[in-house]
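Down below is the structure, laid out as structure tokens.
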Amino acid sequence: MKLTLGFSPCPNDTFIFDAMVNGHIDTRGITFDFVMEDVETLNLWAEQGRLDVTKLSYNTFIHNTDKYALLHSGSALGEGVGPLLISARQLDLKDAADFKIAIPGYNTTANLLLTLALPHAKHKTELVFSEIEAAVLSGTFDAGLIIHESRFTYASKGLKKLIDLGDWWEQETQAAIPLGGIVVRRSFPAELASTVDSIIKESLAYSWKHYPELSSFVTCNAQEMEEAVMRKHINLYVNEYTTDLGEKGRKAIATLFDKARASGVLNEEFTGNIFY
40 MKLTLGFSPC PNDTFIFDAM VNGHIDTRGI TFDFVMEDVE TLNLWAEQGR
90 LDVTKLSYNT FIHNTDKYAL LHSGSALGEG VGPLLISARQ LDLKDAADFK
140 IAIPGYNTTA NLLLTLALPH AKHKTELVFS EIEAAVLSGT FDAGLIIHES
190 RFTYASKGLK KLIDLGDWWE QETQAAIPLG GIVVRRSFPA ELASTVDSII
240 KESLAYSWKH YPELSSFVTC NAQEMEEAVM RKHINLYVNE YTTDLGEKGR
290 KAIATLFDKA RASGVLNEEF TGNIFY
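Spelled out as structure tokens, the structure:
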């Protein structure tokens, strides 16, 4: 059986999926026809139901529970892993309604957190996440919403942190931050979804078994990133929740659904199980 699979070229994703897409583990007769794209492209494709299994932002998942079911492994959650709103000069968040803000996509969880924390910040423009720092430094935007490895590099470029939206979320909810998850078509049988779930878990275990070695699949897809940054990226975003969401992870996701619904971001009520 062949399944289409989408994930990003970021080190946390390539670290997770390396073994299963490159033949290092038994995939139970399943071949994964994979594609790597930035997270917002994957979000848009998820809305179109394009892939069988895909990484997406939790902000996209909450609107597409009719199409996809969440797997228990592969997610990016945690404490201290949230997006940051940065600028080239110190700004007052009371004036956020006037800020021109570069964001990594309207469908990202980062944008959802920004909307929940600063609902008056409306002037947003989508950019590929890797272009945001330069756009802020050039003065094209007053502020930028950064994710992924940018949280490790912004300060060295002279950029300033206006708010850590991860800290805001944790103080507001006392829950972990759900950033991205791995989903499977809801139309698939539960047995197939469970098999994919276990393959992802084994693929991750394979990578941890060989760590701190980084495979060429990880390093070649993060060509412009220093190895130290790759390791920080993996150690931050690949954690206990990635192996299995567990009770704390499931609670955090339920909290995100509740907050989005209470704020009016999520209008529809999904009454089924968000998992397969």
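Quick note: the sequence shown uses this note's numbering, first residue 40, plus one each step. Every residue, glycine too, gets a C-beta built ideally from N, C-alpha and C. Everything numeric in this text was worked out from a predicted model, so none of it was measured.
Identify the residues that DSSP records as bridge partners of residue i: which are they?
{"i": "Asp72", "result": "Thr43"}
{"i": "Glu165", "result": "Ile142"}
{"i": "Asp203", "result": "Leu123"}
{"i": "Phe314", "result": "Leu109"}
{"i": "Leu184", "result": "Leu124"}
Go ahead and label residue i buried or exposed: buried means 16 or more other beta carbons lie within 10 angstroms of its beta carbon, across all protein chains shown.
{"i": "Glu307", "result": "exposed"}
{"i": "Gly144", "result": "buried"}
{"i": "Ala261", "result": "buried"}
{"i": "Ser302", "result": "exposed"}
{"i": "Pro122", "result": "buried"}
{"i": "Ser114", "result": "buried"}
{"i": "Ser195", "result": "exposed"}
{"i": "Ala232", "result": "buried"}
{"i": "Met264", "result": "buried"}
{"i": "Asp297", "result": "exposed"}
{"i": "Pro251", "result": "exposed"}
{"i": "Asp57", "result": "buried"}
{"i": "His187", "result": "buried"}
{"i": "Gly311", "result": "exposed"}
{"i": "Ala229", "result": "exposed"}
{"i": "Glu286", "result": "exposed"}
{"i": "Thr177", "result": "It should be noted that the sequence gives Ser, not Thr, for residue 177. That one is exposed."}
{"i": "Glu209", "result": "buried"}
{"i": "Gly68", "result": "exposed"}
Which residues bound the alpha helix (DSSP H) around residue i?
{"i": "Pro50", "result": "Pro50 to Val60"}
{"i": "Arg224", "result": "Here Arg224 belongs to no alpha helix (DSSP H); instead the beta strand (DSSP E) covers Ile216 to Arg224."}
{"i": "Leu83", "result": "Val78 to Glu86"}
{"i": "Val235", "result": "Ala229 to His249"}
{"i": "Ile101", "result": "Per DSSP, Ile101 belongs to no alpha helix (DSSP H) and is neither H nor E."}
{"i": "Phe191", "result": "Ser189 to Thr192"}
{"i": "Lys290", "result": "Gly285 to Ser302"}
{"i": "Asn150", "result": "Thr148 to Ala156"}
{"i": "Ser255", "result": "Ser255 to Cys259"}
{"i": "Ile171", "result": "Ile171 to Leu176"}
Spatial neighbours of residue i within its chain, please: CB distance less than 8 angstroms, with the 5 preceding and 5 following residues excluded, ordered by chain position.
{"i": "Ala299", "result": "Asn98, Ile101, Leu151, Leu155 and Leu305"}
{"i": "Glu266", "result": "Leu253 and Thr258"}
{"i": "Tyr193", "result": "Leu123, Ile125, Glu172, Ile185 and Lys200"}
Closer than 6 angstroms: is that where the CB of residue i sits relative to any heavy atom of the ligand SAM?
{"i": "Lys161", "result": "Absent from the structure shown: the ligand SAM. Ligands present: none."}
To the nearest whole angstrom, what separates the beta carbons of residue i and residue j, a pair I think is in contact under 8 angstroms?
{"i": "Val175", "j": "Leu198", "result": "6 angstroms"}
{"i": "Asp77", "j": "Ser126", "result": "So it is not a contact: roughly 23 angstroms between Cβ atoms."}
{"i": "Phe54", "j": "Ser246", "result": "5 angstroms"}
{"i": "Phe314", "j": "His111", "result": "7 angstroms"}
{"i": "Thr66", "j": "Lys41", "result": "Rounded, the Cβ-Cβ distance is 11 angstroms, inconsistent with contact."}
{"i": "Met59", "j": "Ile238", "result": "5 angstroms"}
{"i": "Gly219", "j": "Leu95", "result": "7 angstroms"}
{"i": "Val222", "j": "Leu81", "result": "Their Cβ separation, rounded to whole angstroms, is 10 angstroms, which puts Val222 and Leu81 out of contact at 8 angstroms."}
{"i": "Glu79", "j": "Thr179", "result": "In fact, because the Cβ distance is near 19 angstroms, the residues do not count as touching under 8 angstroms."}
{"i": "Asn51", "j": "Val235", "result": "Actually they do not touch by this definition, with Cβ atoms about 18 angstroms apart."}
{"i": "Ala132", "j": "Leu157", "result": "Residue identity check: residue 132 is Leu in the sequence provided, not Ala. That pair is a contact at about 7 angstroms."}
{"i": "Arg225", "j": "Lys139", "result": "Going by Cβ atoms, the distance from Arg225 to Lys139 rounds to 38 angstroms, so no, they are not a contact pair."}
{"i": "Thr212", "j": "Leu243", "result": "Contact flag wrong, Cβ pair sits at about 26 angstroms."}
Give every residue of the same chain whose Cβ lies closer than 7 angstroms to the Cβ of residue i, excluding the five residues on either side of it in the sequence, and list them in chain order.
{"i": "Ala214", "result": "Lys290, Ala291 and Thr294"}
{"i": "Ala136", "result": "His159, Ala160 and Lys161"}
{"i": "Leu124", "result": "Leu153, Ala182, Leu184, Leu201, Ile202 and Leu204"}
{"i": "Gln129", "result": "Lys199"}
{"i": "Gly119", "result": "Gly205"}
{"i": "Ile273", "result": "Pro50, Asn51 and Phe54"}
{"i": "Asn61", "result": "Phe256"}
In terms of residues, what are the limits of the beta strand (DSSP E) holding residue i?
{"i": "Val277", "result": "Segment: none, Val277 is in no beta strand (DSSP E) and carries neither H nor E."}
{"i": "Ser96", "result": "Val92 to Ser96"}
{"i": "Ala115", "result": "Ala115 to Gly117"}
Just to confirm my understanding: we take residue i, look at its own chain, exclude 5 residues before and 5 after, and list those with CB closer than 6 angstroms. What are they?
{"i": "Glu241", "result": "Ile64"}
{"i": "Thr14", "result": "As shown, the chain starts at 40 and ends at 315. That puts residue 14 outside it, with no answer to give."}
{"i": "Thr43", "result": "Asp72, Leu90 and Asp91"}
{"i": "Ile171", "result": "Ala141, Gly183 and Ile185"}
{"i": "Leu275", "result": "Val120"}
{"i": "Ala85", "result": "Thr93, Leu95, Thr99 and Asn103"}
{"i": "Ser169", "result": "none"}
{"i": "Met269", "result": "Pro50 and Ala261"}
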